[in-house]
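Everything below concerns the one structure shown next.
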Amino acid sequence: MVTLQDILAARERLRSVIRPTPCPQSDYFTEKTECAAVYFKMENLQRTGAFKERGALNKLLTLSPDERNRGVIAASAGNHAQGVAYNALRLGIKATIVMPERTPLIKVSRTRDEYKARVVLKGSNFDEAYAEALRIQKEEGSVFVHPFNDPHVIAGQGTIGLELLEQCPDLEVVLVPIGGGGLISGISCALKEKKPGIRVVGVQTSTIASMKASIEAGRLVDLTAAGTTIADGIAVKRVGELTFPMVQKYVDDVVAVDEEEIAAAILTLLEQEKSVVEGAGAVGLAALLSGDVPQAKGKRTAIILSGGNIDMNVISRIIERGLVKTGRLVQLEVRLPDRPGMLAKLTTQVADLRANVVEIHHERAFSKAGLGEAMVEVTLETTGPGHIEELMQALHQLGWQVARK
């Protein structure tokens, strides 16, 4: 099991390369939650956009000259891939990375084009990519760098815990994302050994909550039937043999959040904190906002924003869905008389009520409207639910049937 001494040694190795990331207090979330204070540990600001380069570099710095000459191979959904590739490039080590076929394009292109690693796309998830990496490793004789089930990787991630206590010595609760368990194993060891009274809560996506299932069962559980998630960085069906006992020893609780809660947290961070965070990095905030962490009530709480490598198309979809959910984007179906000037009257009414037309579709032949009527679908930008209600009432007063789609 990784010890505090291992983490302290890792920090010395990394000190000249890995700069501490900021951990500012969030005024907005401190005011909006029942916490005494909310802090964000911004690992999304690392050179490769995620915490993973800490563990990857610590592992690479422990390799012998012969191991460096043989090159390294890793399996990753993206962030570990970039951490290994970037630091291997810096150290002059040949790197091969096996990534799932659904890995966001930004992670693939950076690993291959910017960090010059050989990239192999294989499988629909981490576990299938992992199996392919092991096959290549045996065939080529390279050194395998595991994303979480490696003591040097765990110790490297644990340096975050040391930084947290130096930046916020009065911390009482820390929320940490869990995939395979490397991040929370290292952080919780550092925190608990330095400050035993602090509480550590792990957060997973409910779609693939392998650590939660393992803790509840008291043994390693393989979630073979797990689905897909926007938190691809923590989509691990089976946690590590090294990380599981460390989580049992040091972590106070493990909770799970659903996809809608994760998407809402990404959007809120973007809007309120001006921070781009991927799904895996947003699960801690999602858990806090959904009320799944009662331990944080009245406590000084830190949330690990573990990474920011999110596909722009995913952000676009999250923003649109978030706008719909909060009532700032709405689609109305309006049945009105099929006479000249009616469409102009509709758009004038919308403009008078300060809503903005995004899209409009006018239908006669294929609608359910009666003869002499037309059906109009109009998508509007609004200021919120109250504004939508005001719009619908105004259109009703014109004698038109209005429904929200």
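Numbered by my numbering, the letters in the sequence shown go through residues -18 to 386 in order.
Cβ coordinates follow ideal geometry from the N, Cα and C atoms, glycine included.
No experiment lies behind these values; they were computed from the predicted model shown.
Three-way DSSP call (helix, strand, coil) for residue i in this model
i: Leu317; result: strand
i: Ile54; result: strand
i: Ile341; result: strand
i: Phe225; result: helix
i: Phe129; result: coil
i: Gln27; result: coil
i: Gly288; result: strand
i: Thr395; result: The requested residue 395 is not part of the displayed model; the chain covers only -18 to 386.
i: Leu270; result: helix
i: Met293; result: helix
i: Gly183; result: strand
i: Val(-17); result: coil
i: Leu310; result: strand
i: Ala(-10); result: helix
i: Ala384; result: strand
i: Asp234; result: strand
i: Pro150; result: coil
i: Pro85; result: coil
i: Val124; result: strand
i: Gly367; result: helix
i: Glu259; result: coil
i: Ser166; result: helix
i: Gly137; result: helix
Residues near residue i by beta carbon distance below 8 Å, same chain, minus five either side
i: Glu113; result: Ala56, Val79, Val101, Lys103, Gly104
i: His342; result: Val357, Glu358, Val359
i: Tyr9; result: Gln253, Glu254
i: Cys4; result: Tyr20, Phe21, Lys22, Met23, Glu144, Leu145, Gln148, Cys149, Ala283
i: Asp94; result: none
i: Val89; result: Gly59, Met80, Val100, Leu102
i: Ala(-10); result: Ala136
Sheet register partners of residue i (DSSP bridge)
i: Pro3; result: Paired residue(s): none; Pro3 is not in a bridge.
i: Glu240; result: DSSP output for Glu240 lists no bridge partner at all.
i: Tyr20; result: Gln6, Ala283
i: Ala245; result: Paired residue(s): none; Ala245 is not in a bridge.
i: Ala355; result: Leu317
i: Met80; result: Leu102
i: Pro158; result: Val184
i: Val305; result: Paired residues: none, contrary to the question.
Other residues of its chain near residue i: CB distance less than 7 Å, five sequence neighbours each side excluded
i: Asp319; result: Arg345, Gly353, Glu354, Ala355
i: Thr328; result: Val338
i: Leu286; result: Phe21, Lys22, Met23, Glu24, Asn25, Ser256, Val258, Gly262
i: His61; result: Lys33, Ala37, Ala55, Pro128
i: Phe225; result: Gly162, Ser195, Leu201
Spatial neighbours of residue i in its chain, beta-carbon cut-off 6 Å, leaving aside the 5 residues before and after
i: Pro85; result: Asp292
i: Ala237; result: Gln185, Ser187, Ala190, Lys193
i: Gln312; result: Thr360, Lys386
i: Met323; result: Leu317
i: Val257; result: Gly289
i: Leu(-15); result: Glu174
i: Asp273; result: Val236
i: Glu314; result: Glu358, Ala384, Lys386
i: Val202; result: Ala194, Ser195
Cβ-Cβ distance between residue i and residue j below 8 Å
i: Lys13; j: Glu153; result: no
i: Gly52; j: Ile74; result: yes
i: Gly221; j: Phe129; result: yes
i: Gly64; j: Pro158; result: no
i: Leu262; j: Asn68; result: Correcting the residue type first, residue 262 is Gly in the shown sequence and not Leu. Not in contact: Gly262 and Asn68 (Cβ atoms no closer than 8 Å).
i: Leu(-5); j: Thr140; result: yes
i: Ala307; j: Gly365; result: A small correction: the amino acid at residue 307 is Thr; Ala does not occupy that position in the sequence shown. Yes, Cβ-Cβ distance for Thr307 and Gly365 is below 8 Å.
i: Val(-17); j: Leu38; result: no
i: Leu334; j: Glu371; result: yes
i: Gly160; j: Ile87; result: no
i: Ala268; j: Cys16; result: no
i: Pro81; j: Glu120; result: no
i: Thr363; j: Ala336; result: yes
i: Thr77; j: Ser123; result: yes
i: Tyr96; j: Ala66; result: yes
C-beta neighbour in chain D for residue i, strict 8 Å
i: Gln382; result: Of the protein chains in this structure there is only one, and it is not chain D.
The stretch 191 to 199 touching the stretch 216 to 233, judged by at least three CB pairs closer than 8 Å: Contact between the stretch 191 to 199 and the stretch 216 to 233 is present: three or more C-beta pairs spanning the two stretches fall below 8 Å.
Contact the stretch 242 to 261 vs the stretch 293 to 303: 3+ CB pairs below 8 Å: With a cut-off of 8 Å, the stretch 293 to 303 and the stretch 242 to 261 count as touching, because enough Cβ pairs lie within range.
Contact between the stretch 174 to 183 and the stretch 207 to 227 (3+ Cβ pairs under 8 Å): Flag = no, the stretch 174 to 183 and the stretch 207 to 227 do not touch.
Contact between the stretch 153 to 168 and the stretch 126 to 135 (3+ Cβ pairs under 8 Å): As far as the Cβ criterion goes, the stretch 153 to 168 touches the stretch 126 to 135, which means the pair count is three or higher.
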